[in-house]
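Following the working numbering, the numbering of the sequence shown begins with -3 at its first residue and continues without gaps.
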Amino acid sequence: MTISLTISSIETLFKKRKDELELQRQMFNEKKEQILHIECKATETYKNIENLSNKEECKNNTYYQTILLMSLKSLQHIKEIKRKIIKCIQEIYSEIITLTFYINTTRYRNSLFIGIQKPSLTITCFNKNGAIDTDHQTLHTKFEGKFLQTFSSNIKEVKFNRLIIPISFGNHFSPAFSCITIKSNELYITGDINNHTIKLITIMKDRNFSEEFSLKVEHPTCIVEHKKSSLFYISDKQLHRVFIFNKKTGDFRSFGGYGNEPGKFNEPMCIAIDSFDNVYVADAMNFRIQIFTLNGTYISSLSFPNQRTPFYPHCILFDEDQLIVIDNWGSSIFSINPKQKKVTSIISRYGGAKGFVNRPTFACIDKYKRLFVSDSGNNRIACFKKNNFLGSIEMKTLGLVGSPLGISVSDKKLIFSTTANEPYLNCVSIKNFPNPTFIL
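As structure tokens, this is what we get:
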């Protein structure tokens, strides 16, 4: 009863705020139309004055030149107002989308990360005395600083533990983890697309967190560490660039940029480094894989023009000397010999049955050469080894909402995020795979 009343109150609160935002968006759209009309008239006026001032009899006339300068400044001021109005519309729209997601999410979960542009957002769990603070439009709960919650699971005798990333790291919305890398047993590098950052998070013995570094990017999709140095490579889908971060010196630089010529990118999605220190970048919307030196100098590229469907390499990773490619649009997984530049084996194709995949996104490989794939379209994590299907972990069976997304593996555990836009890193023991056990 309390849970249902709490959810009802949340939905009422969010709907009210969403209605307010819709009115604001409508008002700003009207202002935008007005300023566009004014800009059109001002541009026309400026051009007329400019044409007049260019005439021989007006060139040295200070009156005409002053009018021209004033007209130009007015036009620049109008353009700046238009830019600010458009930015406000974009921010309002982004908040409306976020609120819509939250409204839908509260119906299906008994725990969520919630709030509206407040730096003091909190984690709430309805079965732990959660309550609404309507003055601040946030949810609060009795919380004692330990970011470990236990949930029920559909699997008998399985404890469902999830790692919650706290809001104290200066975020305003719940983090959406696009990519995850396990650096060591207690260190996690996460790509947070909602807050546009890359973070190295350490889990302390008291289950709290510390943050070793936080890098500002736009839409991180992959983080790869060069094992022989202190370099980290980060692909940014939105900025169409690959960033290089030197953890020792703090140097942060990038290469690439938007385009389809060699060395340029259109949605770089993933990075892999081979044993010869060549950096492979999945240049997804250019339907190719580009190869660079460690400092970002272009070497060559791999492409497959005879594919029946457009080739969209969402993820790439090395298994010894073979490059494994996760083709999202083609719903397939295959390996490539980079030297011969040809496909050597097909690991999986499109389908919903066991051993098949549907719109796979990210993948990782453990020391036993087991390939774990976020089979996002089928809402599961599939596992393969040398073209053989070993089993899968179903999100529905674990009671999870959303599809698996960012994924990484260590000796003992598999850690992944989901598309549910929640601030959780899900930890699964792979000791008895494919029988999963949630751990922390």
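C-beta atoms are modelled at their ideal positions from N, C-alpha and C, and glycine is treated no differently. From a predicted model like this one, the values you see are computed outputs, not experimental measurements.
Whole-angstrom distance between residue j and residue i, CA atom to CA atom
{"i": "residue 393", "j": "residue 379", "result": "16 Å"}
{"i": "residue 80", "j": "residue 27", "result": "11 Å"}
{"i": "residue 259", "j": "residue 276", "result": "11 Å"}
{"i": "residue 92", "j": "residue 21", "result": "10 Å"}
{"i": "residue 213", "j": "residue 14", "result": "28 Å"}
{"i": "residue 165", "j": "residue 248", "result": "For residue 165, the pLDDT reaches just 41, beneath the cut-off of 50, and the residue's location in the model is therefore unreliable, leaving the point undetermined."}
{"i": "residue 367", "j": "residue 10", "result": "41 Å"}
{"i": "residue 64", "j": "residue 46", "result": "6 Å"}
{"i": "residue 244", "j": "residue 355", "result": "38 Å"}
{"i": "residue 341", "j": "residue 252", "result": "30 Å"}
{"i": "residue 339", "j": "residue 71", "result": "57 Å"}
{"i": "residue 236", "j": "residue 357", "result": "18 Å"}
{"i": "residue 343", "j": "residue 300", "result": "17 Å"}
{"i": "residue 255", "j": "residue 50", "result": "38 Å"}
{"i": "residue 318", "j": "residue 312", "result": "10 Å"}
{"i": "residue 420", "j": "residue 403", "result": "12 Å"}
{"i": "residue 507", "j": "residue 372", "result": "In the structure as shown, the chain begins at -3 and stops at 436. Residue 507 is therefore absent and cannot be evaluated."}
{"i": "residue 229", "j": "residue 337", "result": "24 Å"}
{"i": "residue 436", "j": "residue 377", "result": "Per-residue confidence for residue 436 stands at a pLDDT of 44, beneath the threshold of 50, marking its modelled position as unreliable; no derived number is given."}
{"i": "residue 283", "j": "residue 264", "result": "10 Å"}
{"i": "residue 78", "j": "residue 88", "result": "15 Å"}
{"i": "residue 360", "j": "residue 234", "result": "23 Å"}
{"i": "residue 423", "j": "residue 32", "result": "51 Å"}
{"i": "residue 219", "j": "residue 308", "result": "19 Å"}
{"i": "residue 320", "j": "residue 266", "result": "12 Å"}
{"i": "residue 57", "j": "residue 68", "result": "17 Å"}
{"i": "residue 16", "j": "residue 195", "result": "34 Å"}
{"i": "residue 189", "j": "residue 346", "result": "28 Å"}
{"i": "residue 327", "j": "residue 385", "result": "16 Å"}
{"i": "residue 387", "j": "residue 415", "result": "22 Å"}
{"i": "residue 191", "j": "residue 381", "result": "36 Å"}
{"i": "residue 329", "j": "residue 365", "result": "15 Å"}
{"i": "residue 222", "j": "residue 41", "result": "57 Å"}
{"i": "residue 409", "j": "residue 12", "result": "42 Å"}
{"i": "residue 281", "j": "residue 185", "result": "26 Å"}
{"i": "residue 48", "j": "residue 36", "result": "19 Å"}
Residues that DSSP places opposite residue i in a beta bridge
{"i": "residue 264", "result": "279"}
{"i": "residue 300", "result": "According to DSSP, residue 300 bridges with nothing at all."}
{"i": "residue 308", "result": "In the DSSP output, where bridge partners are listed per residue, residue 308 has none listed."}
{"i": "residue 54", "result": "Paired residues: none, contrary to the question."}
{"i": "residue 257", "result": "Looking at the DSSP assignment, residue 257 forms no beta bridge with any residue, so it has no partner."}
{"i": "residue 376", "result": "371, 390"}
{"i": "residue 333", "result": "338"}
{"i": "residue 286", "result": "277, 297"}
{"i": "residue 91", "result": "Partner(s): none; residue 91 has no beta bridge."}
{"i": "residue 384", "result": "381"}
{"i": "residue 400", "result": "414"}
{"i": "residue 359", "result": "369"}
{"i": "residue 227", "result": "242"}
{"i": "residue 193", "result": "188, 212"}
{"i": "residue 320", "result": "313, 331"}
{"i": "residue 346", "result": "353"}
Whole-angstrom C-beta distance between residue j and residue i, which should lie under 8 Å
{"i": "residue 411", "j": "residue 176", "result": "6 Å"}
{"i": "residue 494", "j": "residue 287", "result": "In the structure displayed, the chain extends from -3 to 436; residue 494 sits before or after that span and is not available."}
{"i": "residue 238", "j": "residue 292", "result": "7 Å"}
{"i": "residue 310", "j": "residue 278", "result": "7 Å"}
{"i": "residue 274", "j": "residue 240", "result": "About 14 Å separates the two Cβ atoms, so there is no contact after all."}
{"i": "residue 74", "j": "residue 38", "result": "5 Å"}
{"i": "residue 407", "j": "residue 335", "result": "31 Å between Cβ atoms; not a contact."}
{"i": "residue 405", "j": "residue 389", "result": "That pair is no contact at about 12 Å."}
Test: residue i CB closer than 9 Å to a CB of chain D
{"i": "residue 224", "result": "Considering every chain present, this structure includes no chain D. It has just one protein chain."}
| Cβ contact check for the stretch 333 to 352 and the stretch 396 to 411: 3 or more pairs under 8 Å | no
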